[in-house]
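Peer 1: Residue 1243 is where the sequence shown starts when you use our numbering, and the numbers rise one by one after that.
Where is the CB? At the ideal position from N, CA and C, for every residue including glycine.
Here you go, one structure.
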Amino acid sequence: MAQLHSLGASTVLGAVLVTGVVATVAALRGGSTWIDQLRRGLTVFIGLQVATGVALFVSGARPHESLHLLYGLVAIAILPLAGAFASEAPPRPRAWVLVGACLLLLIVAWRLASTG
């Protein structure tokens, strides 16, 4: 299960990078109506990773630092909060909010990797 969590971390990191690049291109081109779907898809990836982490925790495996648990909660909260923040915004600013959320997720992912 720990290997699955490790593989999931790499997958989520790749998904965050791809989402950030795609959202940047969309923002530079004036925005897109599918930015919300992109955000939701990334949220699903992160949610699956959190679910794997919870399963590990319940099975008795613990992270090196308990701060890892807090960073996991922050990671799952970033995209819904970004979506709520930009819900009334036009497509272009909404795309920039997603770019910012992806940058924040990269920082949180780095902290998750260092505390896991």
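Is it right to say Q1291 is buried, meaning 16 or more other beta carbons lie within 10 angstroms of its own, or is it exposed?
Peer 2: Looking up residue 1291 in the sequence shown gives position 49. Q1291 comes out buried.
Peer 1: Got a sec? Which residues, its chain only, sit under 7 angstroms from A1269 by beta carbon, not counting five neighbours each side?
Peer 2: For the purposes of this step, residue 1269 is identified with residue 27 of the sequence shown, where counting begins at 1. Around A1269: R1334, A1337, W1338 and V1341.
Peer 1: Are there three or more Cβ pairs, one per stretch, closer than 8 angstroms when the region 1310-1319 is compared with the region 1266-1284?
Peer 2: Flag = no, the region 1310-1319 and the region 1266-1284 do not touch.
Peer 1: Taking the alpha-carbon of L1315 as reference, which of R1353, T1275 and G1262 has the nearest alpha-carbon?
Peer 2: Along the sequence shown, read from residue 1 onward, the residue named residue 1315 stands at position 73. Checked all of R1353, T1275 and G1262; the closest Cα to L1315 is R1353.
Peer 1: Three-state secondary structure (DSSP) at S1301?
Peer 2: For this step, residue 1301 is matched to residue 59 along the sequence shown. It is coil, neither helix nor strand.
Peer 1: Using the C-alpha atoms, what's the distance from A1293 back to F1327?
Peer 2: Along the sequence shown, read from residue 1 onward, the residue named residue 1327 stands at position 85. Along the sequence shown, read from residue 1 onward, the residue named residue 1293 stands at position 51. Cα-Cα distance, rounded: 25 angstroms.
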